[in-house]
Amino acid sequence: QETTLPIGVEGFDVEIDVRLFVTIAFPIDFSTYVPADWRTHTVATPGGQAVQFEVTVDALMDVFVPTDPSELDGFMEAQAQVQGQTRTIPASELPSWAREGYTFITDDNVIGAAYVGEYAGTPCVLGARFPAEFGDGFAPRAQLIRDQWRWSDGTPLVP
C-alpha cells in the first residue's frame with residue numbers, strides 16, 4: 001500500500017511518497033509507513049533478528065530482537081563506551097516499552113540513538129544512526145517511521 005504523508009524539512013511541510021511495511025515471520029509484529037526511497041529488509045544472524053530501514057549502510061533505523069535476551073544486559077554500557085559522546089535519556093522521556101535509552105555522536109560525526117526494552121514480553125533494541133550531513137533529510141523521515149509505527153495490537157511505538 002502506497003500513499004503520501006507530510007514531514008517537516010528545514011521548516012517546511014513536504015509531502016513524500018511512503019509505502020506500508022508489515023512484519024512477516026518476525027518475533028515482534030508491527031507495521032509502519034516507510035519513505036518509498038528507503039530499503040527495508042529483515043536480517044537473521046546467530047545473535048538474533050533485525051528489521052532494517054535503510055538509506056545507506058551508514059544511515060539506517062533498525063529494530064533488533066536477540067536470540068538470547070540476556071545479551072541485552074549491559075548493552076547500553078557497552079555501546080556508550082564505543083560511541084563517543086553520549087547522553088542517557090531520562091526515564092521520563094522514554095516510550096512506555098523502553099527501559100533505557102541514549103543518544104550519541106561519534107568522533108566520525110555519526111549521530112544516533114538507541115532504546116532497549118521489550119514489547120509483549122519480547123526484548124528488543126530500537127536504534128537509528130546517520131552521518132550528521134544527512135540530518136535534515138534523515139531525521140524527519142526516521143521520525144515518520146516512528147510516528148506511523150503500530151504494534152500488532154494497534155498501540156503506537158511512541159504514544
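Heads up, the final residue of the sequence shown is numbered 159 in my numbering, and it's a clean run with no missing numbers.
In this text, a Cβ means the ideal position worked out from N, Cα and C, and glycines have one as well.
Computed from a predicted structure; not experimentally measured.
Between the options, which has its C-alpha nearest residue i's C-alpha?
| i | options | result |
| --- | --- | --- |
| TRP151 | PHE104, SER96, ASP37 | SER96 |
| PRO123 | GLY47, VAL34, GLU15 | GLY47 |
| GLY117 | ILE105, GLU71, ALA139 | GLU71 |
| VAL63 | GLY154, PRO159, ALA142, ASP153 | ALA142 |
| THR155 | ARG129, TYR119, THR23 | TYR119 |
| TYR115 | ARG39, ALA91, THR67, PHE12 | ALA91 |
| TRP38 | PHE30, GLY137, VAL55 | VAL55 |
Check this for me: beta carbons of residue i and residue j, under 7 Å apart or not?
| i | j | result |
| --- | --- | --- |
| VAL65 | PRO6 | no |
| VAL34 | THR42 | no |
Measure the C-alpha to C-alpha separation of residue i and residue j and round it to an integer number of angstroms.
| i | j | result |
| --- | --- | --- |
| GLU10 | GLY135 | 10 Å |
| ASP147 | ILE111 | 20 Å |
| LEU126 | THR103 | 12 Å |
| ALA139 | ASP73 | 28 Å |
| ALA113 | ARG129 | 7 Å |
| ALA2 | ASP153 | Note on residue identity: the sequence assigns Glu, not Ala, to residue 2. Each residue's Cα considered, the two are about 22 Å apart. |
What does a CB cutoff of less than 6 Å around residue i pick up in its chain, not counting 5 residues either side in sequence?
| i | result |
| --- | --- |
| THR32 | PHE21, ILE145, GLN148, TRP149 |
Indicate the three-state DSSP secondary structure (helix, strand or coil) for residue i in the structure shown.
| i | result |
| --- | --- |
| GLY135 | helix |
| ASP58 | coil |
| GLN52 | strand |
| PRO69 | helix |
| ILE24 | coil |
| PRO140 | helix |
For residue i, which residues in the same chain have their Cβ closer than 8 Å to its Cβ, ignoring the five residues on either side in sequence?
| i | result |
| --- | --- |
| THR4 | GLU15, ILE16, ASP17, VAL18 |
| ALA36 | GLU2, ILE16, ASP17, VAL18, ARG19 |
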